[in-house]
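Numbering (this note's numbering), first residue to last: 192 to 634.
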């Protein structure tokens with residue numbers, strides 16, 4: 192789910208000593224915000240003006256419908272569903288000040304010479320776990336070395352800040368950057384990090400079903416699963432996370448009438464008992480333990496620009512905050528679930544569910560066959576292809592249940608604590624509805 196999800200960005204070089212990568216992504220479902228103050232006047236030569244116009248096009252959005260109003264007592268449980276005037280477009284003064292300090296302290300060269308008044312920052316995309324900002328040097332300031340002109344600032348969301356997993360995620364991000372499997376890392380601090388900003392075209396949900404794109408995602412996932420990482424190899428993440436979320440969900444209290452009504456409806460599902468049923472089902476479902484991404488959705492897949500024209504690889508997996516050693520089936524099932532959810536929908540609740548877009552058997556087999564082909568490229572495997580495919584179909588679709596359950600609980604918690612505008616309670620109900628429908632087919 193997350194992923195905070197990517198927009199078309201300029202394909203021109205934005206670095207000084209190297210090409211900076213422009214990216215707009217999300218960690219879980221992606222949300223998008225406008226940048227109202229950028230103009231193309233007096234931007235210099237035609238190339239620079241074209242770059243600025245591209246940036247404007249990137250951030251141009253239709254006005255969103257406002258979120259529902261507060262409850263009768265105006266007691267908001269969080270800011271996420273209480274915005275009367277739609278989504279926030281401006282960067283607040285406190286965030287701007289902190290961002291300037293981080294860029295000045297962690298980046299070299301010209302970043303240390305500019306004043307805060309010259310510092311440029313804009314909201315490029317707000318994920319459902321993190322907030323993302325584009326930080327840039329002003330146009331009149333030239334680079335003095337290898338420093339990038341633009342960086343992506345990721346500020347961790349409330350559900351992630353302060354948890355031990357952030358240390359592991361930062362180590363993981365650095366390792367993948369060194370292996371050129373992810374964006375470069377420019378700085379790490381308790382509240383977030385500074386990343387390379389990558390030129391890319393935003394992937395749309397419907398593109399996940401494109402045969403060529405699906406095949407390349409399968410190949411990327413096979414390579415990801417094949418990595419050896421210096422982390423705990425026990426598959427504790429899935430049910431450890433679900434158990435933690437369940438404990439939090441059962442202790443939540445809501446004051447807004449709309450939230451309270453939706454929460455009570457969800458509690459009628461007897462989620463603790465359902466969790467035990469899911470645990471038993473997956474215990475009886477063979478699935479190897481591999482290094483999993485755990486959030487392969489369109490917002491966490493970059494469609495890279497400016498690549499060598501001879502290269503057949505155009506995609507890059509990003510956003511690793513949920514990555515861990517886990518059961519392989521979760522990555523399959525979770526990815527298949529994401530075919531159904533479009534997080535670019537511009538009206539409340541800011542997502543659109545299309546259950547009929549869940550991959551068909553043939554589409555699943557296409558994905559699985561490309562995955563297996565990549566895995567077997569350097570081996571002499573003699574396994575029964577047909578039986579393996581059938582087993583993986585069952586594996587993927589049963590673990591899709593875990594995806595619905597995990598992100599359903601996650602969304603209930605977000606409804607309470609998140610500052611991001613999104614219909615979290617509606618999304619939670621949507622995921623649990625899909626869970627029970629899927630359970631009837633594959634349990």
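Backbone N, C-alpha and C fix where the C-beta goes; we use that ideal spot for every residue, glycine too.
In whole angstroms, give me the CA-to-CA distance for residue i and residue j.
| i | j | result |
| --- | --- | --- |
| residue 305 | residue 328 | 8 Å |
| residue 274 | residue 476 | In this prediction, residue 274 has a pLDDT of 49, which is less than 50 and means its spatial position is unreliable; what the coordinates show is noted afterwards. Roughly 43 Å separates the two Cα atoms. |
| residue 580 | residue 564 | 12 Å |
| residue 419 | residue 456 | 43 Å |
| residue 445 | residue 616 | 11 Å |
| residue 572 | residue 321 | 41 Å |
| residue 378 | residue 333 | 21 Å |
| residue 221 | residue 535 | In this predicted model, residue 221 has a pLDDT of only 38, less than 50, meaning its place in the structure is not dependable; the value taken from the coordinates is given anyway. Approximately 7 Å between the Cα atoms of the pair. |
| residue 526 | residue 335 | 43 Å |
| residue 543 | residue 427 | 31 Å |
| residue 412 | residue 578 | 21 Å |
| residue 395 | residue 383 | 26 Å |
| residue 482 | residue 341 | 31 Å |
| residue 310 | residue 530 | 39 Å |
| residue 551 | residue 491 | 22 Å |
| residue 359 | residue 422 | 8 Å |
| residue 528 | residue 443 | 27 Å |
| residue 514 | residue 390 | 23 Å |
| residue 450 | residue 436 | 18 Å |
| residue 430 | residue 480 | 14 Å |
| residue 602 | residue 590 | 18 Å |
| residue 370 | residue 623 | 38 Å |
| residue 635 | residue 447 | The requested residue 635 does not occur in the structure, where the chain is confined to residues 192 to 634. |
| residue 474 | residue 588 | 14 Å |
Terminal residues of the continuous beta strand (DSSP E) containing residue i?
| i | result |
| --- | --- |
| residue 482 | 480-483 |
| residue 454 | It is not in any beta strand (DSSP E) - residue 454 instead sits in the alpha helix (DSSP H) that spans 448-458. |
| residue 517 | 515-518 |
| residue 344 | 341-347 |
| residue 327 | 321-327 |
| residue 377 | 376-380 |
| residue 370 | Where residue 370 is concerned, there is no enclosing beta strand (DSSP E), given that its DSSP letter is neither H nor E. |
| residue 337 | Looking at the DSSP string, residue 337 is not in any beta strand (DSSP E), and its letter there is neither H nor E. |
| residue 420 | Counting along the chain, residue 420 falls outside any beta strand (DSSP E), and DSSP gives it neither H nor E. |
| residue 399 | Unbroken run through residue 399: none, as it is neither H nor E. |
Using the three-state DSSP reduction, which class does residue i fall into: helix, strand or coil?
| i | result |
| --- | --- |
| residue 296 | helix |
| residue 472 | helix |
| residue 392 | strand |
| residue 360 | helix |
| residue 490 | helix |
| residue 538 | coil |
| residue 522 | helix |
| residue 572 | coil |
| residue 554 | helix |
| residue 285 | helix |
| residue 463 | helix |
| residue 445 | coil |
| residue 612 | coil |
Based on DSSP bridge pairs, tell me the residues matched to residue i.
| i | result |
| --- | --- |
| residue 544 | 532 |
| residue 560 | Residue 560 pairs with nothing; no bridge assigned. |
| residue 566 | Answer is none; residue 566 lacks a bridge partner. |
| residue 384 | 345 and 379 |
| residue 508 | 492 |
| residue 312 | 326 |
Apply the 10 Å Cβ neighbour rule to residue i and answer buried if 16 or more other Cβ atoms are within range, or exposed otherwise.
| i | result |
| --- | --- |
| residue 612 | buried |
| residue 424 | exposed |
| residue 303 | exposed |
| residue 348 | buried |
| residue 468 | exposed |
| residue 441 | exposed |
| residue 592 | buried |
| residue 626 | buried |
| residue 381 | exposed |
| residue 397 | exposed |
| residue 363 | buried |
| residue 632 | exposed |
How is the alpha helix (DSSP H) around residue i delimited, first residue to last?
| i | result |
| --- | --- |
| residue 431 | 428-442 |
| residue 599 | 576-608 |
| residue 622 | 615-633 |
| residue 405 | 402-416 |
Just checking residue i against the ligand MN - is the residue's beta carbon closer than 7 Å to any of the ligand's heavy atoms?
| i | result |
| --- | --- |
| residue 380 | Questions concerning the ligand MN fall outside what the structure shown contains, since it holds no ligand whatsoever. |
Establish whether the CB of residue i and some CB of chain C are separated by less than 8 Å.
| i | result |
| --- | --- |
| residue 576 | In the displayed structure, chain C is absent; only one protein chain is listed. |
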